[in-house]
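Residue numbers (the numbering used here), protein chains in the order written: chain D, -18 to 251; chain W, -17 to 422; chain E, 1468 to 2208.
Down below is the structure, laid out as structure tokens.
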Ligand SMILES: Nc1nc2c(c(=O)[nH]1)N[C@H]1C(S)=C(S)[C@@H](COP(=O)(O)OP(=O)(O)OC[C@H]3O[C@@H](n4cnc5c(=O)[nH]c(N)nc54)[C@H](O)[C@@H]3O)O[C@H]1N2
Ligand SMILES: Nc1nc2c(c(=O)[nH]1)N[C@H]1C(S)=C(S)[C@@H](COP(=O)(O)OP(=O)(O)OC[C@H]3O[C@@H](n4cnc5c(=O)[nH]c(N)nc54)[C@H](O)[C@@H]3O)O[C@H]1N2
Ligand code: SF4
Ligand code: SF4
Ligand code: SF4
Ligand code: SF4
Ligand code: SF4
Ligand SMILES: [Mo]
């Protein structure tokens, strides 16, 4: 399986939690790239639009044995148990969020969304955000808005798109240059690009030559479950079949990625 | 003063008392309208919903009201399809309550969505895999059916009915009502079910998720069943309330007992299914996702295991037992207790299946999401109640809702009225009392 | 009219079809949906061709290379330059939010003259001509009175041509009262100067070290050149190198380090000497270096062996003697170890002897100018303008005593802004007539904010060059707004801690958005207006020609690459490295009255019975605590364990909190000898008992609604503590008490 031709892509991420510093640059890079609005008070995190959100996990032990781990959470671009059966896509009544089988990206079409928020209830990762307010850019900040991503209006849901517009730009460029295939790093998300720790790797999980594939080692017979013993996905057991893989050398961190009964000894990711 | 508009052969309170009642409900309605306008103009930031808690109090009200309105389709089904004739004496009221419930539900949905002006995208860009699409379609259609079922009632207003067009329209509609009742039952089966499916398909939410039969999760069937089972309780409860307020008996005891009995057996069978579902979910579904039952009920201020016990035991098993036991059913006091418990039970079930679903953390590092409504939410949730009261006040006053009222509350009619009443009664009898629609 | 079933159905169906077929409902719904999708108040950004402009970010001393994505003349995104030696592709969140500064509501958009009372925020917009002639008039008057030393200047930057122009202006004008910043970099450079004789930047070769031992340096909290340090720390995983973090609280650095050693705050230098004790006792030091290239080792050894035994050190630091020994062994046995100093982001200089102890530890293992060690870098010394010619007024003014009392020590006489304000407070007669503030915000960043504000108010005329309406600018009489970094040229020499001689070039990627001016041009213009020798010292047509001329042959390359780097600068051999009089590494420093090790531990101020706890500020990468505040996007990332609505959350050990009956999230009163505030508490399992930690960077009173009024400025609670040896501010904390509110 040396040569890969233009079959469907499955873009995904591997985030190395041993490297992530919790700096939050990915969050800001994403906001800047994607015209995410902001308000005067953003301290209520349940009302704060952050397509990328860095969670802080703890092993819960008392001082001085306490440990923490930062976990950046973009949309996991769930595929579900059969193509396109993402928790959110399957429930949206107006097809305002869709699964692109060419790229594996879960889209969000703001101008179609009518704000029922069913998809938010469906997403166990809290990756979806509702525009409770009209977006306002104070001063002359409207000037910095990126024309590749349309600003959203009040009353619709938004979320990480894996910077889909960057895929489009890269594919346009490849097309102009007469190429059918993108090179590995030609399409990178804004968060991947910005991360000062180099903790995020982005690429085509279907392509054995891509780093994401090599690191995560998705098992095609088990809906992409990682074969790398240090890799895990969030809530693997729910069958969401996500495209964001996490790496950690720490057992408690890997275990925090899912729910286990006390009777289940250790995290089972062969 | 307005007695010319009253149904024939009945007495109504003085108009000032009526207007007083109307205006009290009107004030509450107005308060709701203020909340509603705020939500539409300023947006859903007027609520206390958030990105973790995307469904509000009023979505619960929506589901509850639809379940309670289930009395309409189920009574319709029994009356028109299964031909249980006694129920004709309560069917009008069931239809009215259903109409109120469903119009309220639609109104609530129109407030609830972020972009109400785009709501029709649900039809235009319909995603046939979504339970909510199914809900939207069936709900809208069934509301149409209820409207059609309600219109003849309006047309039977004493004055309206004098207009030949109205009279004949009402007459004809009555004749084909079985078709609509059947359609309504069919639609209700699906939208009640798909409302259950709304939560049951959420495979990202182990608290809500249920195994499937074909494309439908168990909650699909449980919702339909519970609506059919508890809906009549609500019809009976409102009837009881109306009787208390009007100070008259409006429906005969045998009709009430019949409906209560049917409801009882429905609850009885439902609660067995619900218990089986709960056991399977607690022992098989949840553990397969890494959750124990108590993960869903502990470490939070309100969602203790009590809620499950109250829903299934106190508000399920108890009313079922009361209503299937002839002696207890016959006793108006215990029957009333059972009816009230039933109503609470189904509301609690809808609460749990909407709001607790949002509250339970799924990610291992997440916390419980708690929520309390803003005044705007409370106002808009109470709005339908006020609206319902107003509609009932007007309908009761001017429409022949209760066919047995005249018989149960005889009054001294004036001679001129007697003639008219006799004619009308004869016509009515020809229309409805021979059971089968007459061929034109 | 008789309606039978047929006509009824016909009526129904017909009516429905008729309504549906009429264009009205369809037109209406369509219009509604279109309108709802294009609410006129939702902006539609203008599209265009994408291009990239490169520059250097100056939002912090990191000096990262950036690529700015442009749509036409509009910058829309800041990204890191992949081909830049400092940051190699990444940015930090502050750089990524850079455009919010450019267009934010707190920009000063035109010269402003105060009209209301001081600090009231009432301004008249004036022209540059009016503003400059007013200032020139005031300055002339000072010189005419024969007191040019009545002009003082505070700047937050002391490298590069802008700082040099300011300093030159002051000298030509005739005043010694130029106050640069004082950070841990300054303390470290002073330590290195006295120990090695080297003048110039100090770097750390983190990329090649196999053991990084950080004495409280916030490697992942904004220390040094942040992106470069992040990269080095993160890529250590592939290199199998280790990071050990010494910190009293689990900072982000400690959390991601291979090991966290919790010690009492402020005792880092003591721990370093404790390690030195073990290394010497076990003869684990680099014999060759000590024997051939070091001086003063015996005196150093004597003190260390006597006073810094593991037991004694354990008593002070709280680290177990075994841990100290283990650390020492590990450090001396590593191939390329390096020890770092500068607490947190390094904003506070700290005790000089503390920096010296860490340099000495590096020296013990021979880690000076070796791969992976501490680097003495040659000063790029490219600013070689002829000395300004002073007229008699200037000559006389420059002789006047400095207002900060600097120069009172033969070797160490740092000009620290704290000392300037201290002196003013003691002696109001020394108040300068005019104070200019450039790239600094002393009213926020200086310790004891309340006292600084009071003192500042007594200065008759305050001029700010700030691009933003910060705390200091708000008190100003005149604001001459500088261009923002994306609008201006500037040289950015020596990114903090970078291990090679380096000059970055910041250049305009966008035309000035508002009626602002480059501070260099403002100074040149002012000098011209002052005529005579001052004008003669500023012969450049404008700042750009000045910069071009100064960089000389480097200019073309810098314009092309965006930076200049001396890649040829290879490690100098120990034979010729040391410029001390002995030609050797001086363990105890040159020209010290006595070995400096007695004053290594500066205690927290305050009475321990009234204030049983210790308050420690901490730095976080998500909060800017320097002269420029947070951009809205940055504040958005601040977690709710730090800020809840407007209330700041302090961290306190769970057990300690129990003693004071404090519960998670509850309000409490936090008092120190300098002030008292209301806070919320977060019970933490990641901080030593007995401490209360608060993040720096909050509590702004100026800027915009996205920053002002949130939390508490740590400087309200903490005062400067003078290092007896150097006069630098060495306050790492202060005693405190906390009670349930
Ligand atoms: N408020 C507001 N309204 C507007 C505009 C505006 O700027 N602001 N612009 C108006 C104009 S000029 C236009 S052309 C329209 C544009 O309207 P649309 O083209 O409908 O919407 P956009 O968001 O601009 O276009 C990009 C869309 O692609 C979606 N997308 C992301 N990933 C994927 C994917 O994997 N697959 C697919 N299929 N889609 C994906 C994005 O979520 C995004 O919604 O809107 C118009 N309405
Ligand atoms: N990623 C990231 N990295 C950062 C930051 C961040 O938020 N995130 N912060 C960045 C910031 S804002 C900066 S500026 C740097 C620190 O870098 P600096 O360039 O040092 O920052 P300043 O705040 O400008 O000045 C710092 C010191 O100068 C002194 N000072 C303050 N005001 C005055 C004054 O008026 N006159 C004089 N002479 N001295 C004064 C204070 O004692 C203070 O310790 O760290 C930077 N690093
Ligand atoms: S930018 Fe990188 S290091 Fe920083 S929080 Fe995001 S993933 Fe972690
Ligand atoms: S993470 Fe959430 S929003 Fe993203 S695809 Fe999965 S369910 Fe949908
Ligand atoms: S909120 Fe929007 S995207 Fe989500 S389910 Fe509803 S219509 Fe679809
Ligand atoms: S992939 Fe793009 S949209 Fe998603 S979190 Fe990263 S920057 Fe944001
Ligand atoms: S680290 Fe400093 S120089 Fe680099 S991008 Fe961030 S603020 Fe700019
Ligand atoms: Mo700064």
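Positions of the beta carbon are idealized from the N, C-alpha and C atoms, including for glycine.
These numbers were taken from a predicted model, which means no experiment stands behind them.
| message | Given this structure, state the Cα-to-Cα distance separating residue 1847 (chain E) from residue 1665 (chain E), to the nearest angstrom. | response | One-based indexing of the third chain puts residue 1847 (chain E) at position 380. One-based indexing of the third chain puts residue 1665 (chain E) at position 198. Straight-line Cα distance between these residues: approximately 13 Å.
| Interfacial residues, the region 100 to 129 of chain W to chain E, with Cβ spacing under 8 Å | 100, 102 and 103
| query | Is the CB of residue 2151 (chain E) under 8 Å away from at least one CB in chain W? | reply | What you label residue 2151 (chain E) is simply residue 684 of the third chain in a count that begins at 1. Taking Cβ atoms only, chain W never reaches closer than 8 Å to residue 2151 (chain E), which makes this a no.
| field | Pair within 8 Å by beta-carbon distance, residue 23 (chain D) and residue 2102 (chain E) | value | Residue mapping note: residue 23 (chain D) aligns to position 42 of the first chain, counting from 1. Residue mapping note: residue 2102 (chain E) aligns to position 635 of the third chain, counting from 1. Contact: yes.
| field | DSSP-derived helix/strand/coil call for residue 53 (chain D) | value | Walking along the first chain from the start, residue 53 (chain D) turns up at place 72. In the structure shown, residue 53 (chain D) sits in a strand (DSSP, three-state: E or B).
| message | So residue 126 (chain D) contacts chain A; which residues on that side make the cut at Cβ distance below 8 Å? | response | Among the protein chains in the structure shown, which are D, W and E, there is no chain A.
| field | residue 180 (chain D) CB to nearest heavy atom of ligand 6 below 7 Å | value | Position 199 of the first chain, counting from 1, holds the residue named residue 180 (chain D). No.
| said: Just to confirm, is the Cβ distance from residue 1532 (chain E) to residue 1551 (chain E) under 8 Å? | reply: Counting from one through the third chain, the residue named residue 1532 (chain E) turns up at place 65. Counting from one through the third chain, the residue named residue 1551 (chain E) turns up at place 84. Yes. Within cutoff.
| field | Cβ neighbour criterion (16 or more within 10 Å) applied to residue 1649 (chain E) | value | Indexing the third chain from 1 puts residue 1649 (chain E) at position 182. Classification for residue 1649 (chain E): buried.
| said: Let me see if you follow: with CB-CB separation under 8 Å, is residue 251 (chain D) close to chain W or not? | reply: Stepping through the first chain from its first residue, residue 251 (chain D) is reached at position 270. Unreliable positioning characterises residue 251 (chain D) in this predicted model, as indicated by a pLDDT of 33, which lies under 50. The coordinate reading is nonetheless provided below. Not an interface residue.
| message | Just to make sure I have the definition right: I need the residues of chain E whose C-beta is within less than 9 Å of the C-beta of residue 180 (chain D). Which are they? | response | What you label residue 180 (chain D) is simply residue 199 of the first chain in a count that begins at 1. In chain order: 1701.
| query | Beta carbon of residue 119 (chain W): closer than 7 Å to some heavy atom of ligand 5? | reply | One-based indexing of the second chain puts residue 119 (chain W) at position 137. No, Cβ of residue 119 (chain W) sits at least 7 Å from all heavy atoms of ligand 5.
| task | List in chain order: all unbroken alpha helix (DSSP H) runs of 4+ residues lying wholly within the region 149 to 195 of chain W. | result | 159 to 182
| query | Can we count residue 15 (chain W) as close to ligand 3, meaning its CB is less than 7 Å from some heavy atom? | reply | By 1-based counting over the second chain, the position of residue 15 (chain W) is 33. No, ligand 3 has no heavy atom inside 7 Å of this Cβ.
| query | Going along the chain, which residues of the region 13 to 29 of chain D sit with their C-beta nearer than 9 Å to a C-beta in chain E? | reply | 13, 14, 16, 17, 19, 20, 21, 22, 23, 24, 25, 26 and 29
| Distance between beta carbons of residue 2141 (chain E) and residue 2186 (chain E), contact taken as under 8 Å | For this step, residue 2186 (chain E) is matched to residue 719 along the third chain. For this step, residue 2141 (chain E) is matched to residue 674 along the third chain. Yes, they are in contact, since the Cβ atoms of residue 2186 (chain E) and residue 2141 (chain E) sit about 5 Å apart, within 8 Å.
| query | Shorter than 8 Å from the beta carbon of residue 107 (chain D) to some beta carbon of chain W? | reply | The residue you call residue 107 (chain D) lines up with position 126 of the first chain. Chain W, which has a Cβ nearer than 8 Å to the Cβ of residue 107 (chain D), makes this yes.
| field | Contact check, residue 54 (chain W) vs residue 79 (chain W), beta carbons under 8 Å | value | By 1-based counting over the second chain, the position of residue 54 (chain W) is 72. By 1-based counting over the second chain, the position of residue 79 (chain W) is 97. It is a contact, given that the beta carbons lie within the stated cut-off.
| query | Looking only at C-alpha atoms, which of E:1813, E:1921, E:2149 and E:1570 sits nearest to residue 1690 (chain E)? | reply | By 1-based counting over the third chain, the position of residue 1690 (chain E) is 223. Nearest C-alpha to residue 1690 (chain E): E:1813.
| request: Go ahead and pull the three-state DSSP assignment for residue 111 (chain D). | output: Counting from one through the first chain, the residue named residue 111 (chain D) turns up at place 130. Three-state result, residue 111 (chain D): strand.
| Cβ contact (3+ pairs, closer than 8 Å) linking the region 117 to 127 of chain D and the region 195 to 210 of chain W | no
| Would you call residue -9 (chain W) buried or exposed, if buried means 16 or more other Cβ atoms sit within 10 Å of its Cβ? | Working through the second chain from its first residue, we reach residue -9 (chain W) at position 9. So residue -9 (chain W) ends up on the buried side.
| query | How big is the Cα-Cα spacing for residue 1912 (chain E) and residue 2183 (chain E)? | reply | On the third chain, residue 1912 (chain E) is found 445 positions in, with the first residue counted as 1. On the third chain, residue 2183 (chain E) is found 716 positions in, with the first residue counted as 1. C-alpha separation (whole angstroms): 10 Å.
| said: Between residue 443 (chain W) and chain E, is the shortest Cβ-Cβ distance under 8 Å, so that the two count as touching? | reply: Nothing can be reported for residue 443 (chain W): it is not among the residues displayed for chain W, which extend from -17 to 422.
| task | Compute the Euclidean distance between the alpha carbons of residue 1783 (chain E) and residue 2081 (chain E), then round it to the nearest angstrom. | result | Position 316 of the third chain, counting from 1, holds the residue named residue 1783 (chain E). Position 614 of the third chain, counting from 1, holds the residue named residue 2081 (chain E). Residue 1783 (chain E) and residue 2081 (chain E): Cα-Cα distance of roughly 15 Å.
| DSSP state of residue 241 (chain D), grouped into three classes? | Start at 1 with the first residue of the first chain, and residue 241 (chain D) comes out as number 260. Here residue 241 (chain D) sits in coil by DSSP.
| task | Closer than 9 Å by beta-carbon distance: list the chain E residues that pair up with residue 123 (chain D), in chain order. | result | The residue labelled residue 123 (chain D) in the question sits at position 142 within the first chain. Going along chain E in sequence order, the residues near residue 123 (chain D) (Cβ under 9 Å) are 1510, 1512 and 1570.
| is_contact[residue 1559 (chain E), chain D] using C-beta, thresh 8 Å | By one-based count along the third chain, residue 1559 (chain E) stands at place 92. Yes, contact with chain D.
| Short Cβ contact (8 Å threshold) for residue 2089 (chain E) with residue 61 (chain D) | What you label residue 2089 (chain E) is simply residue 622 of the third chain in a count that begins at 1. What you label residue 61 (chain D) is simply residue 80 of the first chain in a count that begins at 1. No, these two residues do not count as a Cβ contact at 8 Å.
| Applying the criterion that 16 or more other CB atoms from any shown protein chain within 10 Å of the CB defines a buried residue, is residue 153 (chain D) buried or exposed? | As a first step, residue 153 (chain D) is located in the first chain; it is residue number 172 there, counting from the start. Looking at its Cβ environment, which holds fewer than 16 other Cβ atoms inside 10 Å, residue 153 (chain D) is exposed.
| DSSP three-state call for residue 1877 (chain E): helix, strand or coil? | On the third chain, residue 1877 (chain E) is found 410 positions in, with the first residue counted as 1. In this predicted model, residue 1877 (chain E) has a pLDDT of only 49, less than 50, meaning its place in the structure is not dependable; the value taken from the coordinates is given anyway. Of the three classes helix, strand and coil, the one that applies to residue 1877 (chain E) here is coil, per DSSP.
| Who are the near neighbours of residue 232 (chain W) in its chain, counting only those whose CB is closer than 6 Å to its CB and skipping five residues on each side? | In the second chain, residue 232 (chain W) corresponds to position 250, counting from 1. Around residue 232 (chain W): 225, 384 and 387.
| What do you reckon, are the CB atoms on residue 56 (chain D) and residue 87 (chain D) nearer than 8 Å? | As a working note, residue 56 (chain D) is residue 75 in the first chain. As a working note, residue 87 (chain D) is residue 106 in the first chain. The answer is yes: Cβ separation under 8 Å.
| query | Along the chain, where does the alpha helix (DSSP H) that runs through residue 136 (chain W) open and close? | reply | Here residue 136 (chain W) is taken as the residue at index 154 of the second chain, counted from 1. Per DSSP, residue 136 (chain W) belongs to the alpha helix (DSSP H) from 113 to 137.
| request: Identify every residue that forms a DSSP beta bridge with residue 35 (chain D). | output: By 1-based counting over the first chain, the position of residue 35 (chain D) is 54. DSSP output for residue 35 (chain D) lists D:53 as bridge partner(s).
| task | Per DSSP, which residues does residue 1620 (chain E) bridge with? Please list them. | result | Walking along the third chain from the start, residue 1620 (chain E) turns up at place 153. DSSP lists E:1645 and E:1903 as partners of residue 1620 (chain E).
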